[in-house]
């Protein structure tokens with residue numbers, strides 16, 4: 001091995017020595033590959049790449065260079081570039097959809113109506129095959145599609161594959177769309193929440209402690225017990241009244257029967273009185289007594305209109321609700337590899353109640369997601385209960401999850417996420433309130449605690465069982481710990497035993513089928529996979545087939561190609577949709593680059609807390625996919641979605657270099 005090649009450091013994954021290399025040689029190899037590709041595209045050549053870079057950076061001041069350095073590290077407030085900024089002039093929807101009617105905005109419309117003018121400014125097409133046209137038979141984006149030449153006629157009309165279009169017309173692949181009328185009612189605050197209002201009224205009447213002191217809690221508990229005793233006495237009195245009524249009825253019936261028997265005996269002894277007595281009896285006969293029936297508690301406990309849906313969560317693989325990366329196209333990829341349960345990204349309940357379209361987009365469900373839930377984040381019982389009732393009435397889900405494990409400051413400082421674990425009174429009201437208005441199971445996601453060495457989940461779990469949760473998922477780390485140490489599966493096992501018979505799923509550090517088998521040896525009912533699915537989405541297949549998959553670079557590129565196709569279906573094939581798909585692809589590549597192929601490992605399996613050192617793959621593409629530099633991620637995206645726009649910039653969510 002060359003002297004410049006360093007051996008694996010502490011905390012780095014063990015890779016076979018013949019594949020190890022240095023940082024300089026690694027980037028030199030990738031740069032030479034890029035240069036050779038550009039020379040093939042441009043045989044006349046041009047300026048050397050190094051000279052180009054010098055010329056591009058030549059005008060930058062020292063202050064700009066300093067800003068570049070500052071943008072490294074954890075990117076908490078990264079700039080957000082909206083995808084529609086990449087297109088200066090946009091075509092009106094009435095022209096795109098080829099409507100017969102005139103644009104309702106007329107001269108006030110801010111979009112173009114001249115097709116020739118639009119085409120003169122439109123960016124070049126990215127390819128000659130449109131995925132939407134090949135799948136649906138008609139591309140809904142028409143001339144604005146970045147693959148428009150695949151379905152545009154000579155007279156600039158959008159072509160239709162009639163046979164394929166008819167076959168896909170009645171098929172609804174995506175559900176849980178935001179209705180415009182509902183959005184209007186939410187924005188004008190005209191939406192009614194009768195179930196939530198009834199619950200909130202009941203908790204406002206109930207005696208509650210002003211402070212969380214021990215004395216106040218004991219006082220509150222005494223009041224609750226007195227209320228229960230009064231209710232039991234009322235039930236006992238009702239039962240005694242019913243018994244007394246039945247006894248009186250039986251006594252009166254017995255007297256009547258005795259009298260009738262005596263009359264019959266006398267009529268037999270004196271037949272002459274039979275006729276007159278019969279007539280008198282008909283006149284004086286007592287009508288049958290009507291009983292009031294059993295006393296019910298329907299006036300005390302309101303009967304539910306339908307039973308709560310039952311879901312069997314046990315022994316299933318659960319793809320965690322991942323913010324940013326857990327979008328619908330990514331979930332479709334994981335479903336193909338064997339994920340059983342999927343959940344939408346965390347949605348803020350206040351934004352949903354305001355009718356924000358961007359927040360409602362997080363609730364969309366694909367037809368392939370057979371067991372699907374949504375995750376809500378909130379701090380207070382009023383907003384969370386109203387939001388639960390809103391979703392129960394308007395979308396189709398199998399369960400609703402409360403995010404009480406989110407560690408980010410923005411959520412925690414408002415009392416949401418992990419903050420709910422320390423606000424047990426509000427937490428209980430949220431769970432009970434949402435349960436009262438939902439017809440589907442309510443689940444909760446928590447962490448071990450807030451402080452690093454102070455676990456509190458084991459205290460909360462017995463209470464949550466009383467509150468009526470259907471599933472608990474426990475991430476084996478605290479809020480302060482984040483990802484600095486391994487998940488505590490011994491503690492997860494303890495909590496699983498406390499949770500029984502309520503199922504508890506464990507979450508943390510699952511990156512191979514061996515990790516999953518060890519996790520199943522604990523008392524958990526199932527496994528939740530988060531970062532492991534981002535690093536290698538085929539992990540679900542490995543777990544179900546109990547094998548290590550030495551997947552090739554071309555197979556991994558095919559997975560990325562599927563993701564881009566799903567992204568174009570979900571976000572669109574126009575410039576805005578293409579760049580949105582590219583943005584989420586780059587977010588995902590920041591995790592995918594951490595994967596080390598099985599054939600290169602000195603010790604199998606790879607550990608999630610081990611850092612991949614610089615290594616050469618078995619081909620150029622495998623080496624390119626191992627790069628943690630954003631420029632190389634951009635190159636991978638250009639293989640699938642064409643060149644980036646001139647003003648393109650990307651700053652990854654997690655630690656990496658920026659592209660501008």
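Residue numbers (the UniProt record's numbering): 1 to 660.
For each residue, glycine too, the CB sits at the ideal point set by N, CA and C.
In the three-state reduction of the DSSP assignment, residue 432 falls in the helix class.
Counted as a single uninterrupted DSSP element, the stretch harbouring residue 447 is not any alpha helix (DSSP H) but the beta strand (DSSP E) occupying residues 442 to 447. Of the residues assessed, residue 647 falls on the exposed side of the cut-off, its CB having fewer than 16 other CB atoms within 10 angstroms. Less than 9 Å separates the beta-carbon of residue 590 from that of residue 653. Per the DSSP secondary-structure output, residue 583 pairs with nothing in a beta bridge.
Looking at the DSSP output, residue 160 shares a beta bridge with no other residue. In the three-state reduction of the DSSP assignment, residue 639 falls in the helix class, which pools H, G and I.
Each residue's CA atom was taken as its position, placing residue 170 and residue 160 some 16 Å apart. Contact fails between the region 518 to 528 and the region 571 to 588, because fewer than three Cβ pairs, one in each stretch, are under 8 Å apart. Per DSSP, reduced to three states, the secondary structure at residue 392 is helical.
Proximity of the region 307 to 314 to the region 531 to 551 falls short of the contact definition, fewer than three beta-carbon pairs being nearer than 8 Å.
Boundaries of the alpha helix (DSSP H) around residue 513: 513 to 520.
Residue 625 is classed as buried because its beta carbon has at least 16 other beta carbons within 10 Å across all chains shown. Within the model, the alpha-carbon separation for residue 411 versus residue 379 is close to 9 Å. Taking residue 600 as the centre and dropping the five residues before and after it, the same chain places the C-beta of 15, 16, 19 and 615 closer than 7 Å to its C-beta, in chain order. Pairing residue 119 with residue 572, the inter-Cα distance amounts to about 18 Å. Burial state of residue 198 is exposed, judged by a 10 Å Cβ sphere holding fewer than 16 other Cβ atoms. If you look at residue 328, you'll find it in the alpha helix (DSSP H) that goes 328 to 336. When secondary structure is reduced to three states using DSSP, residue 531 falls in the helix class. Counting along the chain, the unbroken alpha helix (DSSP H) around residue 494 starts and ends at 489 to 499. The C-alpha of residue 552 is placed about 36 Å away from the C-alpha of residue 403. With 16 or more other Cβ atoms from the protein chains shown falling within 10 Å of its own Cβ, residue 499 counts as buried.
In this structure residue 343 touches residue 373 by the C-beta definition: roughly 5 Å separates them, less than 8 Å. In the three-state reduction of the DSSP assignment, residue 347 falls in the strand class. Around the beta-carbon of residue 580, 16 or more other beta-carbon atoms lie within 10 Å, marking it buried.
By the Cβ neighbour-count rule, residue 416 is buried, with 16 or more other Cβ atoms within 10 Å of its own.
Counting along the chain, residue 117 sits inside the alpha helix (DSSP H) bounded by residues 115 to 121. DSSP places residue 366 in the strand class (E or B) of the three-state scheme. If you draw a straight line from the Cα of residue 381 to the Cα of residue 205, it comes to about 15 Å.
Shortest Cα-Cα distance from residue 368 to any of 173, 523 and 423 involves 173. Residues of the same chain with a CB within less than 7 Å of the CB of residue 145, apart from the 5 flanking positions on each side, are 130, 139, 573 and 574 in chain order. Membership of residue 176 in any alpha helix (DSSP H) is not indicated, and neither H nor E is assigned to it by DSSP. A straight line joining the alpha-carbon of residue 354 with that of residue 490 spans about 42 Å.
Residue 542: not part of any beta strand (DSSP E); member of the alpha helix (DSSP H) spanning 539 to 545, first to last residue. Look at residue 553 here: in three-state DSSP terms it is helix. The beta carbon of residue 428 sits closer than 6 Å to the beta carbons of 467 from its chain, once the five residues preceding and following it are set aside; these are given in chain order.
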